[in-house]
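Mapping to full-length UniProt numbering: the sequence shown position 142 is 142, numbers consecutive. Beta carbons are placed, not taken as given, at the ideal position from N, Cα and C, and that holds for glycine. Scroll down for the structure; my scribbles are underneath it.
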Amino acid sequence: MEQKIPTMAEMAAEGNEPEILFWVGCAGSFDERAQKITRNICKILHHVGISYAVLGTEESCTGDPAKRAGNEFLFQMQAMVNIEVLNGYNIKKIVTGCPHCFNTIRNEYPGLGGTYEVIHHTQLIQGLIDEGKLKAEGGESFKGRKITFHDPCYLGRGNNVYEAPRAALEILDTELVEMKRCKSNGLCCGAGGAQMFKEPEKGNKDINDERMLDVIETGASVIASGCPFCMTMLTDGVKHMEKEQEIKVLDIAEITVRANGL
């Protein structure tokens, strides 16, 4: 049975405040693949009994693509509308599945009057594992499979979050293998800086194809991701390299849900 997800407006009407606001993001709202990740994050929140809500139709783009593309005016307009909504609901803590939303709200909103505790969903999952609320049992087994984690730029190099996603994978009975270019030396998937929304410049190879060579070298059968943009680029890379039978791309939330049988 599908779990009903409350909106902030509904909770406010009842005089309640959730523990966490789940910031869904544009990809998590509109991209069919990312919507599955959104549902999995909600499953985790529901499973552990955390009180949460979403903004629903009151949520707008954080302004990240506008800012990266050089339109500071549009970014500030989008940000200030969001900050007004967030402050109106007295939001204190936000979790999001998108490193771009995470980076923007965490680092760029305070200068415009919006200061919140912002965590990425992999940090939430790590915390729940540490508390013993999530375990790798009763669900799909990843035993004997090699998994590699692709560091999203705005999660890793942008905010130094390297251990949380790996901790979520390390409780699986699996082999976590690192690509040569990982952590602070990671390679972008090719979608950052608003590149997601335009065709690549001419060159001899797309960045996501270059990244796939790193993946293939590890011998991993699963690429773990923590970003909807990376998910798209890595999945396209798998298709370009015709490795769809050998390599699966899964978000950390999806892996956690499967491992816990949620």
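Go through its chain and collect everything with a Cβ distance to residue i's Cβ below 7 Å, but skip five positions before and after it.
{"i": "Val-24", "result": "Thr-38, Val-54, Glu-59"}
{"i": "Glu-256", "result": "Correcting the residue type first, residue 256 is Thr in the shown sequence and not Glu. So the qualifying residues of the chain are Ile-44, Ile-125, Leu-134, Ala-168."}
{"i": "Gly-28", "result": "Ala-34, Gln-35, Ile-37, Thr-38, Gly-97, Cys-98, Pro-228"}
{"i": "Asp-214", "result": "Met-179, Lys-180, Arg-181, Leu-187"}
{"i": "Tyr-89", "result": "Met-8, Ala-12"}
{"i": "Ile-83", "result": "Tyr-109, Leu-112, Gly-113, Gly-114"}
{"i": "Ala-66", "result": "Leu-74, Phe-75, Gln-78"}
{"i": "Glu-140", "result": "Arg-258, Ala-259"}
{"i": "residue 267", "result": "Only positions 1 to 262 of the chain appear in this structure, which leaves residue 267 out of reach."}
{"i": "Ile-223", "result": "Thr-148, His-150, Val-215, Leu-234, Ile-247, Val-249"}
{"i": "Ile-5", "result": "Cys-42, Val-54"}
{"i": "Gln-245", "result": "none"}
Between which two residues does the alpha helix (DSSP H) containing residue i stretch?
{"i": "Thr-104", "result": "No alpha helix (DSSP H) contains Thr-104, which DSSP labels as neither H nor E."}
{"i": "Ala-168", "result": "163-170"}
{"i": "Glu-10", "result": "8-13"}
When we look at the beta-carbon of residue i and count the other beta-carbons within 10 Å, is it buried (16 or more) or exposed?
{"i": "His-240", "result": "exposed"}
{"i": "Ala-13", "result": "exposed"}
{"i": "Gly-63", "result": "buried"}
{"i": "Asn-260", "result": "buried"}
{"i": "Asp-151", "result": "buried"}
{"i": "Glu-254", "result": "buried"}
{"i": "Gly-190", "result": "buried"}
{"i": "Phe-30", "result": "exposed"}
{"i": "Gly-156", "result": "buried"}
{"i": "Thr-232", "result": "buried"}
{"i": "Asp-251", "result": "buried"}
{"i": "Asn-208", "result": "buried"}
{"i": "Ser-51", "result": "exposed"}
Let's see if you can read the secondary structure: which residues bound the beta strand (DSSP E) around residue i?
{"i": "residue 268", "result": "This structure cannot settle anything about residue 268, because the visible part of the chain is limited to 1 through 262."}
{"i": "Val-177", "result": "Where Val-177 is concerned, there is no enclosing beta strand (DSSP E), given that its DSSP letter is neither H nor E."}
When DSSP labels each residue in this structure, what does residue i get in the three-state scheme?
{"i": "Val-238", "result": "helix"}
{"i": "Met-1", "result": "Here the model assigns Met-1 a pLDDT of 49, short of 50, so the residue's position is not dependable and the matter cannot be decided."}
{"i": "Ala-191", "result": "coil"}
{"i": "Ala-259", "result": "helix"}
{"i": "Ala-220", "result": "coil"}
Could you pull out every residue in the same chain whose Cβ sits closer than 6 Å to the Cβ of residue i, ignoring the five residues on either side in sequence?
{"i": "Asn-87", "result": "none"}
{"i": "Asp-173", "result": "Lys-143"}
{"i": "residue 289", "result": "Residue 289 cannot be examined here, being either before or after the span of the chain that is shown, 1 to 262."}
{"i": "His-47", "result": "Leu-262"}
{"i": "Ala-136", "result": "Ile-171, Leu-172, Ala-259"}
{"i": "Gly-158", "result": "Asn-103"}
{"i": "Gly-106", "result": "At residue 106 the sequence reads Arg, which differs from the Gly that was named. Contacts found: Val-118."}
{"i": "Leu-128", "result": "Val-48, Leu-134"}
Using a Cβ-Cβ cut-off of 8 Å (strictly less than) and excluding sequence neighbours within five positions of residue i, which residues of its own chain qualify?
{"i": "Cys-101", "result": "Trp-23, Gly-25, Thr-62, Asp-64"}
{"i": "Ala-79", "result": "Thr-62, Gly-63, Thr-104, Glu-108, Tyr-109, Leu-112, Gly-114"}
{"i": "Lys-243", "result": "Met-212, Ile-216"}
{"i": "Glu-10", "result": "Ala-53"}
Taking 7 Å as the cut-off, is the C-beta of residue i nearer than that to any heavy atom in the ligand COA?
{"i": "Lys-133", "result": "Among the ligands in the structure shown, none appear at all, so the ligand COA cannot be discussed."}
Self-check item: Contained alpha helix (DSSP H) runs [length at least 4] in the UniProt domain "Cysteine-rich" (21-106), N- to C-terminal order
Solution: 25-30, 32-48, 64-68, 72-88, 99-103
Quiz item: Can you list, in chain order, the stretches of the alpha helix (DSSP H) that have 4 or more residues and sit fully within the region 110-170?
Solution: 121-130, 163-170
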